[in-house]
Structures are given as structure tokens and as C-alpha cells.
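*Asks:* Got a structure for you, written out below as C-alpha cells; questions coming shortly.
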Ligand code: OAD
């Protein structure tokens, strides 16, 4: 059955938050679906500053595998539906993704921020001040990993557990202007992203969740649309 459509007026400002669920139909496993495990390690034990200090080879191995998987994946109808919505709304649209894949930009999204970093980039391990560089190499071992112009090893441009997400000032400003928040395919378990819906509610925005099951913060949404993003999003907006 077709879900009731969401009307977007000429004055609405839309803030979209996406999580791993929007890329599930592109063949990329979500975190919780894989039991949070990779090669016998808890993902939280591989993606931390401590793990990086202890064993950078293991951390790069994890992200090299994810780069290889990401390169094979294609954007799905949900990514394209958001790019089309941005075409319609222009600067009244803003997309914040927790995903590190580049499927949103490959679908045509422009006004987006990757709050947890990007798989296709690397940056100086020592934070010497150089900006992140494009890096899609699927490294086979640590010896292949490049170095910053300052000489330090490159690290994945990824926000590890315990690090502060990127672009929070910009994200907060965009949320403060939004009249509609649309959250897609995220379990509502990881903060601060799981708080965004509360911030939007406080200022009276409509808040809509799209996904096959209730997120942990379901109670904060004015509406939950049950279904897979790739099936629900095309045709959801009027
Ligand atoms: P999770 O794996 O926690 O949640 C994925 C969500 O997607 C679940 O709620 C599923 O119900 C939903 N889902 C599954 N298939 C879907 C589909 N076809 N359409 C829509 N939704 C679907 O992933 P995230 O919430 O994104 O952080 O995880 C948040 C953060 O935790 C990640 O960014 C990552 C992780 O640790 C970092 O890497 C810093």
C-alpha cells in the first residue's frame, strides 16, 4: 500500500539525516545487521583512536575492504529520490549523512555533509593542518599507505568512535532553520545524530522517519513511515 504522501510547501526548509539503512538496498551491510562484527572483532574495537594507535594496519585493512565494497555498490532509488528533492528545493534542502560511502553524491546530491567522514578520503595522522585528500586506494598492507606532505602517515578520513563528528556548527544551524526533518535508515542509537530529531521537535518542525522498523528514538517522530527507503522514498513527496 502506498504511504500517505508528505507535502512540502514553497516555504518549507527540509533537513534530511540518513544512516546505513539507505545504502542497504545498494548491497552495503548496515552496522547492526552484521551484529557489529568484522573478522571476529567488534566494529567498535576497530574504529577507535585507541585501535588506530595500537594497530593502524588492522584499521586500514577494515577501511580498505569497505572501500572495495563501496566501489562496487551503486546508488539506489532512495539516493536518487533525495537528489531529485534537492533539485526541486535548492537551498531549502540540506542533507546530513552518517554514511561514509559516496552513494549520495553519485546520485547527484550536492548540498550534503558527511558527519562521520568519507571512505574516499584520507588525512594526516598528526592533524598537521593539511585538508583531507581524495584517496580511494584499496591498500593491501600498511607499507602501501601514503604519507602527508609533513611526512606523517595518512589515516582514513573517518570519525572514529569517541571522536567529535564533523561540521557540527553547520549542522546545528541547518537544523535550527528546518521546518521538516526527514530521517532515513538509522537505528537512532549513535549520538549526537540520534538527538537531531529532538532539536527539530523543540522548534516545532515536523519529524518523519522512514525505515523498515522503529528506530530507538521513534517516540520523537511525528510520523513513522514503515518500509524500505528505496521503495518508499520515490513518490513520497508532493
Ligand atoms: P545501523 O546499522 O545502526 O542502523 C541501520 C538502520 O537501517 C536500522 O534501523 C534498520 O532498520 C534500517 N534499515 C535497514 N534496511 C533498510 C532499508 N532498506 N531502508 C531503510 N532503512 C533500513 O546504522 P546507523 O544508524 O547508520 O558510526 O549507524 C549509525 C552509526 O553507527 C554509523 O554512522 C557508524 C556506526 O557505528 C561511525 O562510523 C562513527
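Numbering (this note's numbering), first residue to last: 2 to 239. Just so you know, even glycine gets a beta-carbon here, dropped at the ideal spot from N, CA and C.
Any heavy atom of the ligand OAD closer than 7 Å to the CB of residue 176?
*Replies:* Residue 176 sits at position 175 when you count from the first residue of the chain shown. Relative to the ligand OAD, the beta carbon of residue 176 is positioned no closer than 7 Å to any heavy atom.
*Asks:* Please identify the residue among 31, 7 and 101 whose C-alpha is closest to the C-alpha of residue 72.
*Replies:* Numbered from 1 along the chain shown, position 71 holds the residue referred to as residue 72. Ranking the options by Cα distance to residue 72, first place goes to 101.
*Asks:* Under the DSSP definition of a beta bridge, which residues are partnered with residue 135?
*Replies:* Counting from 1 along the chain shown, the entry for residue 135 is found at position 134. Residue 135 pairs with 122.
*Asks:* Quick one: is residue 84 buried, meaning 16 or more other Cβ sit within 10 Å of its Cβ, or exposed?
*Replies:* For the purposes of this step, residue 84 is taken as residue 83 along the chain shown, with counting starting at 1. When all chains shown are included, residue 84 counts as buried.
*Asks:* Do the CB positions of residue 64 and residue 166 come within less than 8 Å of each other?
*Replies:* By 1-based counting over the chain shown, the position of residue 64 is 63. By 1-based counting over the chain shown, the position of residue 166 is 165. Cβ distance not < 8 Å, so residue 64 and residue 166 don't count as in contact.
*Asks:* In its own chain, which residues sit with a C-beta less than 6 Å from the C-beta of residue 28, not counting the 5 before and 5 after it?
*Replies:* The count along the chain shown starts at 1 and reaches residue 28 at position 27. Within the same chain, residue 28 has close Cβ partners 74.
*Asks:* Could you check where the beta strand (DSSP E) with residue 182 kicks off and where it finishes?
*Replies:* Mapped onto the chain shown, residue 182 falls at position 181. Run containing residue 182: 181-185, per the beta strand (DSSP E) assignment.
*Asks:* So, is residue 176 buried or exposed, given that buried needs 16 or more other C-beta atoms within 10 angstroms?
*Replies:* Position 175 of the chain shown, counting from 1, holds the residue named residue 176. Classification of residue 176: buried, given that the 10 Å Cβ count is 16 or more.
*Asks:* Let's see if you can read the secondary structure: which residues bound the beta strand (DSSP E) around residue 158?
*Replies:* Position 157 of the chain shown, counted from the start, is the residue given in the question as residue 158. Bounds of the beta strand (DSSP E) holding residue 158 are 155-159.
*Asks:* Taking the alpha carbon of residue 58 as the reference point, which residue from 141, 238 and 222 has its own alpha carbon closest?
*Replies:* In the chain shown, the residue the question calls residue 58 occupies position 57. The option with the nearest alpha carbon to residue 58 is 141.
*Asks:* For residue 20, which residues from the same chain have a beta carbon less than 6 Å from its beta carbon, with the 5 sequence-adjacent residues on both sides left out?
*Replies:* Stepping through the chain shown from its first residue, residue 20 is reached at position 19. 99, 186 and 187.
*Asks:* Any heavy atom of the ligand OAD within a distance shorter than 7 Å of the CB on residue 188?
*Replies:* Start at 1 with the first residue of the chain shown, and residue 188 comes out as number 187. Correct: residue 188 has its Cβ closer than 7 Å to the ligand OAD.
*Asks:* What is the residue span of the alpha helix (DSSP H) that residue 64 lies within?
*Replies:* What you label residue 64 is simply residue 63 of the chain shown in a count that begins at 1. Its alpha helix (DSSP H) spans residues 57-73.
*Asks:* Please classify residue 227: does DSSP put it in a helix, a strand, or coil?
*Replies:* On the chain shown, position 226 is the one that residue 227 refers to. Strand at residue 227.
*Asks:* Could you give the first and the last residue of the continuous beta strand (DSSP E) run that contains residue 114?
*Replies:* Position 113 of the chain shown, counting from 1, holds the residue named residue 114. Start and end: 113-115.
*Asks:* Whose CA, out of 43, 227, 205 and 220, lies closest to the CA of residue 214?
*Replies:* Position 213 of the chain shown holds residue 214. Of the listed residues, the one whose Cα sits closest to residue 214 is 227.
*Asks:* Using 8 Å for Cβ pairs, my map puts residue 201 next to residue 14. What's the rounded Cβ distance?
*Replies:* Indexing the chain shown from 1 puts residue 201 at position 200. Indexing the chain shown from 1 puts residue 14 at position 13. At roughly 11 Å, the Cβ-Cβ gap does not stay under 8 Å, so residue 201 and residue 14 are not in contact.
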